[in-house]
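Chains as they are written, first to last, in this note's numbering: chain A, 12 to 383; chain B, 19 to 285; chain C, 64 to 590. Cβ coordinates follow ideal geometry from the N, Cα and C atoms, glycine included. Quick notes on the structure that follows.
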Amino acid sequence: MNAPSLSARLLAADDRRLWLGMAGCAIAFLVVVPMLNLAMPPDSALHMPNYMVTLLGKYLCYATLALAMDLVWGYCGVLSLGHGAFFALGGYAMGMFMMRSIGARGVYGNADLPDFMVFLNWKELPWYWMGFDHFWFAALMALAVPGALAFVFGWLAFRSRITGVYLSIITQAMTYALMLAFFRNEMGFGGNNGLTDFKDILGFPLAEPSTKLGLYMLSALVLGLAFLVARFVVTSKLGRIMMAVRDAESRVRFLGYSPTWVKLFGFTLSAMLAGLAGALYVPQVGIINPSEFSPANSIEIAIWVAVGGRGTLVGAVLGAFAVNGAKTWLTGAAPELWLFLLGALFIAVTLGLPKGLLGLWGQIRRKEKAHA
Amino acid sequence: MLDDKFEVQVDEPHGPGVPAAGSILYLDGVSVSFDGFKALNALSLILAPGELRTIVGPNGAGKTTMMDVITGKTRPDEGDVLFDEKVDLTRLDESEIANLGIGRKFQKPTVFEHLSVFENLELALKADRGAFATLMFWLSGEQRDTIDATMARIGLADKSRHLAGALSHGQKQWLEIGMLLMQDQRLLLLDEPVAGMTDSETEATAQLILDLARDGSRSLVVVEHDMEFVRALGAKVTVLHEGSVLAEGTLETIQADSKVIEVYLGR
Amino acid sequence: MKAFRLLLVLLALLAWAPAHADEFSDAVRALNADNFADKIAAAEALSALGDGRAAVILEALADGRLHAAGDGTIVMEQGGAYRDAITQAAASSADASPITVNNRLRGVLRGAVGRLGLFSPDPELRKRAAESVIASPTPESAAMVRRALETETLPEVKRMLSLALANLDLADADPERRKAAIQALRDSSDPMVRGQLQHMLETESDPEVKAAADKAVGAINSRLVWVSVGANIFQGLSLGSVLLLAAIGLAVTFGVMGVINMAHGEMIMLGAYTAFVVQEVFRATLPPEYVGLYLPVAVPVAFVVTFVIGVGLERTVIRFLYGRPLETMLATWGISLMLQQLVRSIFGASNREVANPAWMTGGIDLIGGFTLTYNRVIIIGFCLAVLLALAALLRWSSFGLHMRAVTQNRPMAAAMGIPTGRIDAATFGLGSGIAGMAGVALSQIGNVSPNLGQGYIVDSFMVVVFGGVGSLWGTLLGALSLGLVNKVLEPYAGAMLGKILVLVVIILFIQKRPRGLFALKGRSVES
Numbered sequence: 012m013n014a015p016s017l018s019a020r021l022l023a024a025d026d027r028r029l030w031l032g033m034a035g036c037a038i039a040f041l042v043v044v045p046m047l048n049l050a051m052p053p054d055s056a057l058h059m060p061n062y063m064v065t066l067l068g069k070y071l072c073y074a075t076l077a078l079a080m081d082l083v084w085g086y087c088g089v090l091s092l093g094h095g096a097f098f099a100l101g102g103y104a105m106g107m108f109m110m111r112s113i114g115a116r117g118v119y120g121n122a123d124l125p126d127f128m129v130f131l132n133w134k135e136l137p138w139y140w141m142g143f144d145h146f147w148f149a150a151l152m153a154l155a156v157p158g159a160l161a162f163v164f165g166w167l168a169f170r171s172r173i174t175g176v177y178l179s180i181i182t183q184a185m186t187y188a189l190m191l192a193f194f195r196n197e198m199g200f201g202g203n204n205g206l207t208d209f210k211d212i213l214g215f216p217l218a219e220p221s222t223k224l225g226l227y228m229l230s231a232l233v234l235g236l237a238f239l240v241a242r243f244v245v246t247s248k249l250g251r252i253m254m255a256v257r258d259a260e261s262r263v264r265f266l267g268y269s270p271t272w273v274k275l276f277g278f279t280l281s282a283m284l285a286g287l288a289g290a291l292y293v294p295q296v297g298i299i300n301p302s303e304f305s306p307a308n309s310i311e312i313a314i315w316v317a318v319g320g321r322g323t324l325v326g327a328v329l330g331a332f333a334v335n336g337a338k339t340w341l342t343g344a345a346p347e348l349w350l351f352l353l354g355a356l357f358i359a360v361t362l363g364l365p366k367g368l369l370g371l372w373g374q375i376r377r378k379e380k381a382h383a
Numbered sequence: 019m020l021d022d023k024f025e026v027q028v029d030e031p032h033g034p035g036v037p038a039a040g041s042i043l044y045l046d047g048v049s050v051s052f053d054g055f056k057a058l059n060a061l062s063l064i065l066a067p068g069e070l071r072t073i074v075g076p077n078g079a080g081k082t083t084m085m086d087v088i089t090g091k092t093r094p095d096e097g098d099v100l101f102d103e104k105v106d107l108t109r110l111d112e113s114e115i116a117n118l119g120i121g122r123k124f125q126k127p128t129v130f131e132h133l134s135v136f137e138n139l140e141l142a143l144k145a146d147r148g149a150f151a152t153l154m155f156w157l158s159g160e161q162r163d164t165i166d167a168t169m170a171r172i173g174l175a176d177k178s179r180h181l182a183g184a185l186s187h188g189q190k191q192w193l194e195i196g197m198l199l200m201q202d203q204r205l206l207l208l209d210e211p212v213a214g215m216t217d218s219e220t221e222a223t224a225q226l227i228l229d230l231a232r233d234g235s236r237s238l239v240v241v242e243h244d245m246e247f248v249r250a251l252g253a254k255v256t257v258l259h260e261g262s263v264l265a266e267g268t269l270e271t272i273q274a275d276s277k278v279i280e281v282y283l284g285r
Numbered sequence: 064m065k066a067f068r069l070l071l072v073l074l075a076l077l078a079w080a081p082a083h084a085d086e087f088s089d090a091v092r093a094l095n096a097d098n099f100a101d102k103i104a105a106a107e108a109l110s111a112l113g114d115g116r117a118a119v120i121l122e123a124l125a126d127g128r129l130h131a132a133g134d135g136t137i138v139m140e141q142g143g144a145y146r147d148a149i150t151q152a153a154a155s156s157a158d159a160s161p162i163t164v165n166n167r168l169r170g171v172l173r174g175a176v177g178r179l180g181l182f183s184p185d186p187e188l189r190k191r192a193a194e195s196v197i198a199s200p201t202p203e204s205a206a207m208v209r210r211a212l213e214t215e216t217l218p219e220v221k222r223m224l225s226l227a228l229a230n231l232d233l234a235d236a237d238p239e240r241r242k243a244a245i246q247a248l249r250d251s252s253d254p255m256v257r258g259q260l261q262h263m264l265e266t267e268s269d270p271e272v273k274a275a276a277d278k279a280v281g282a283i284n285s286r287l288v289w290v291s292v293g294a295n296i297f298q299g300l301s302l303g304s305v306l307l308l309a310a311i312g313l314a315v316t317f318g319v320m321g322v323i324n325m326a327h328g329e330m331i332m333l334g335a336y337t338a339f340v341v342q343e344v345f346r347a348t349l350p351p352e353y354v355g356l357y358l359p360v361a362v363p364v365a366f367v368v369t370f371v372i373g374v375g376l377e378r379t380v381i382r383f384l385y386g387r388p389l390e391t392m393l394a395t396w397g398i399s400l401m402l403q404q405l406v407r408s409i410f411g412a413s414n415r416e417v418a419n420p421a422w423m424t425g426g427i428d429l430i431g432g433f434t435l436t437y438n439r440v441i442i443i444g445f446c447l448a449v450l451l452a453l454a455a456l457l458r459w460s461s462f463g464l465h466m467r468a469v470t471q472n473r474p475m476a477a478a479m480g481i482p483t484g485r486i487d488a489a490t491f492g493l494g495s496g497i498a499g500m501a502g503v504a505l506s507q508i509g510n511v512s513p514n515l516g517q518g519y520i521v522d523s524f525m526v527v528v529f530g531g532v533g534s535l536w537g538t539l540l541g542a543l544s545l546g547l548v549n550k551v552l553e554p555y556a557g558a559m560l561g562k563i564l565v566l567v568v569i570i571l572f573i574q575k576r577p578r579g580l581f582a583l584k585g586r587s588v589e590s
């Protein structure tokens, strides 16, 4: 479109609190954390161990994923249970690149084929593995494959006016079908075991703390970027139409807008963000397998968003950190309690906190103001 | 690419095209049934460009179903629905029809409750409806003035930043009329526009509708129960009963019609 | 256990039988040969006599319980006591040493004992023996089978024996006999017989016999096709009935109340665990012969348990979420996680064993090695019974009437004094209760673990959506067609790919008919 309006729009997101918050987060994640990790002596109480850096990196990927979920659910009203799948597809794309990077360093020492293919007695690389030798191609696919799947699936579903729980159910079926498919050895994605034993990414050994720190910082940058993109969308007129579609879809039609394309835009963009998050996630955890497609994962993403406060971008990010932080802590401290807590969280948030933590905070603030 | 969707295809009508000549809206033999109940029964209606028409009828006469058929919400079982002499509305969906230039105000006011008054009007504003176009949309000063003017006209100038959900029933009615104005449509369908309004508000609405009809660039169909309001509009009246037209003419001739009296007053 | 009792019967018979021809005694004595080759020959000769007594002796030999005394008498050890193998008179073991066996001999002995089963008084044993003869025909058995045929009375065993004989006769030197054998075999539906005939097509020199064999193979082939079609249909129906059981309860809560219950699978799981608990109680308190009755008791118990849990959930959580279907979905998912963890904490994460009662094990053997297993047949019947009972309840009871009224117009139903809240709770309880009964049924054909329900949730949603929300008949048709399509695809595409294909087809189908096969008009469950 016309360039001046675009720059004007970007500058118009001039809410000072927003930029201050962004800057604060940037300093915390991109300066303070690396300093605590690198500059502090290992025996210092302030030292941040390497595993913590990777853990934070994982959370950042989850937060990006939550942001993507919020875009479709919080703003378009589409509760997608396919976001775990988009995330996993992005992860597989990056995993395939790292698989190819292993080269002849695998157990079988075969430079042309990944180990699992040698094991399955395959003779040559399947066509859909072509191109994954190149990073740019893998990165492109991490965005394009989830995006294309979401576009086609969404086009079919939204055009037929499948909404609400029906849409949730069929996205869940899609996720489930993909999981079954990736479990098959014949698919050529490593079957049950998935892709693992990665050595390095773009020449940086994955086992090195410096690589981990780099990936973590990249995740933080990507989250910030995703936040700005999402904010640009939701503050645009399109964002307001999304909310209108969420609240009264049929009314939007009579205004001349097509909810199909509005939702399709949100769904596709969101799937691409989810794929991006997955692509960053896999090098940090070192494995991607079909269980990432499990329908339970997709539902869990919804609860991150709900806990933080759906329909607010900050809420989604906050929720991802809060729930996953609790998960890490509790699965270590009292593993049998975790599912109880997660289950209770689902119920409590839907019953008592429809606006999530952010809504709760807003309430408290309002009360304080009223008292003051 | 996404915007292609909004280029409305003009199909040759499958019915006879000649009788539709010179009309903005042409309904012929339109029938709709729900589970055996005939909501519309061979309804025929012709509206001339620039015409203001009021439609009355008892509950269940098919007034709202007729609007549903015209705006694409309901597909008729049979019959022709033509806009502007030649566009077959039965083949288009709601948004395509809206983009042709047909606007609608619902019986129950439906505004976007989580958006502000200003934003509601901004969404209605006549502009490119494509997804990417709206993503990159930037309100020009001129457009802002248009919205401000409309807010003044519907008496909500001081409520610009209020959420639409917080408005009173009558204010929502006005907001919806305002949204219709923003769309700048050629054919306006108003379903019970003064329901729930005070007398003075009703009067103002009648004035507004007469203003709209005056310059002849728009055609209006107003469905209303309030006979005072119908009288104030002073337009041609169509009486619907059991899904088809019972009588048509001025309010005086209608009120003298024995069939109409029977339907309204009972046997 | 059973075999042991049979042996006792045999022994009793043997003790009573008069000692007859010395042929038998000689053959027994020959078992004490110097080398294994001779022992094998002796064993085969003994078994070829077709004397019922031989089985016990050969079995004893195989177990190392057959001893040879210094005077050449063969002594058999049985539960610590020694008897003369031929006369059954008590004997001393003073100078007896066991007759050694090696693996090859053992193999021969097993086969021989098996074949000797042909003369057992137990028809089940005779049948099994006939099967083993069919499976591994040896020229020596031909004579035995002929002898057995003379005395056999049971038509079923007789048929099998003739089949076995025909099988053996295929290798006979006389072409007429071979032809007769082919004629006898052409009514078989055994893929193995077909294999033998096919093999014969390659080796047979006599053109007439060859032509007969060719025709017989054709006949068997076409029969086998039908058998496999029948087997597929049965398996499809069986899978369909499982899906139906899993989905009916969901159809009630989703169709009637518009509530997506993600914890539905856990209700099934709880039903299965109820079956487990009832079984354990029966095992602990009742004599073994009554334990099999736990199943008919478990069905109503499971219904009550899950009904109560369902009502509890509706009153405490779900009723606050009406009109917010997406939130209901998330909240019930939370419930499902908690129920899973609860069961895991109480019963452990591993599978629990719920045994088929004796009256549910086994099946009806049909032609071509295809068995209608009783548990599957009973589940199909049970599933139809549940469906009919539910349909009757909805159609004729006042609860059903109220339920339908609430479905169609809630405010109006409330205005007429129908307690909508209580109807909602009961409806949810009903859906959960049916899931619980489904769980009892599923415990009979699969593992009982905390994850049991998760395996059914996607499938049962697909059934409901495919069949059309709010229509029981749609659910029936949806479940059966999904079951059939799955099973028909399986041989060509493999189980997983078949399932994936079905999912993809449903996803595409929903585009065309978003409301399913049997769409309910009027109020719809839209968000």
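Sequence-distant residues of the same chain with beta carbon closer than 7 Å to residue i, five excluded per side
i, result
"E215/C", "K221 and L224"
"G425/C", "Y437"
"M109/A", "F209, I212 and P294"
Range covered by the beta strand (DSSP E) that runs through residue i
i, result
"M139/C", "I137 to Q141"
"A144/C", "A144 to D147"
"D217/B", "From DSSP, D217/B is part of no beta strand (DSSP E) but of the alpha helix (DSSP H) over D217 to R232."
Nonlocal neighbours in the same chain, by C-beta distance under 6 Å from residue i, ignoring five residues either side
i, result
"A237/A", "T75, L78 and L284"
"P238/C", "D269 and V272"
"A281/B", "At residue 281/B the sequence reads Val, which differs from the Ala that was named. Hits under 6 Å: H259."
Counted within 10 angstroms of its Cβ, other Cβ atoms place residue i as buried (16 or more) or exposed
i, result
"S183/C", "buried"
"V43/A", "exposed"
"R485/C", "exposed"
"P620/C", "In the structure displayed, chain C extends from 64 to 590; residue 620/C sits before or after that span and is not available."
"V288/C", "exposed"
"R458/C", "exposed"
"M446/A", "This structure does not reach residue 446/A, given that chain A is present from 12 up to 383, and the question cannot be answered."
"A115/A", "exposed"
"T216/B", "exposed"
"Y139/A", "exposed"
Continuous alpha helix (DSSP H) stretch holding residue i: start and end
i, result
"T216/C", "Careful: T216/C lies outside any alpha helix (DSSP H) and carries neither H nor E."
"A57/B", "Taken as a continuous stretch (DSSP letters only), A57/B belongs to no alpha helix (DSSP H), being part of the beta strand (DSSP E) at F55 to L65."
Beta-ladder partner(s) of residue i, from DSSP
i, result
"F215/A", "I212/A"
"L129/C", "M139/C"
At a Cβ cut of 7 Å, what residues of the segment 242 to 270 of chain C count as close to chain A, listed as they run along the chain? If the cut-off is 7 Å between Cβ atoms, the segment 242 to 270 of chain C has nothing near chain A.
Using a Cβ cut-off of 9 Å, which residues of the segment 253 to 273 of chain A contact any Cβ in chain B, in chain order? So the list reads M254, A255, R257, D258, A259, S261, R262, V263, R264, F265, L266, G267, Y268, S269, P270, T271, W272 and V273, given in the order they occur along the chain.
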